[in-house]
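In the numbering used here, the protein residues as written are 4 to 161. Virtual Cβ for every residue (Gly too), placed ideally from N, Cα, C.
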């Protein structure tokens, strides 16, 4: 689950903010650590998810935010939890200078507090695995954008 800025929902899926690094690069992995080590994240450059619906619901109460969920079984690119990234990759990332020890310490701090951040390792999240909570039910991105256009067009007519 995730709270997502409604203006960044595109027909192709959930789009990251400008300045996001290309997936499958060391710079992308560094952004994951930077995001996880900050209370407010990286303002959409990294899309983090949580398996905890109440956490996502709380964040989705912010203005211009919507609640989304993804079906992690429908993708070839994995989702990875920050705890898994730390356990399997941190030593190498520090040794090669991709991240610094403070990045690791900050990310560990949030993990140790029960933060279950999970990341889509492919960058932007494709529309076929995303659903948006709207009017009491989960709908596809295409349905959501169609409803949003209809409401926008009705507002113009009035």
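{"Item": "Going by the beta-carbon positions, is the gap between residue 132 and residue 147 smaller than 8 Å?", "Value": "no"}
{"Item": "Mind listing, in chain order, the continuous beta strand (DSSP E) runs of no fewer than 3 residues lying wholly within the stretch 95 to 151?", "Value": "121 to 123, 133 to 137 and 140 to 143"}
{"Item": "DSSP three-state call for residue 80: helix, strand or coil?", "Value": "coil"}
{"Item": "Could you tell me the alpha carbon to alpha carbon distance between residue 36 and residue 5, rounded to whole angstroms?", "Value": "18 Å"}
{"Item": "Cutting at 8 Å between CB atoms, please list the residues of its own chain near residue 39, excluding the five before and the five after it.", "Value": "51, 85, 109, 110, 113, 114, 118 and 120"}
{"Item": "Measure the C-alpha to C-alpha separation of residue 161 and residue 154 and round it to an integer number of angstroms.", "Value": "With a pLDDT of 49 at residue 161, under the threshold of 50, the predicted position of this residue should be treated as unreliable, though the coordinate-derived value follows. So the two alpha carbons sit approximately 11 Å from each other."}
{"Item": "Considering only DSSP beta bridges, list what residue 19 is partnered with.", "Value": "DSSP, once it has assigned bridges, lists no residue as partnering residue 19."}
{"Item": "In the structure shown, what three-state DSSP assignment does residue 27 receive?", "Value": "coil"}
{"Item": "Output needed for residue 68: all residues of its chain with C-beta closer than 8 Å, excluding positions within five of it in sequence on either side, in chain order.", "Value": "6, 7, 8, 9 and 62"}
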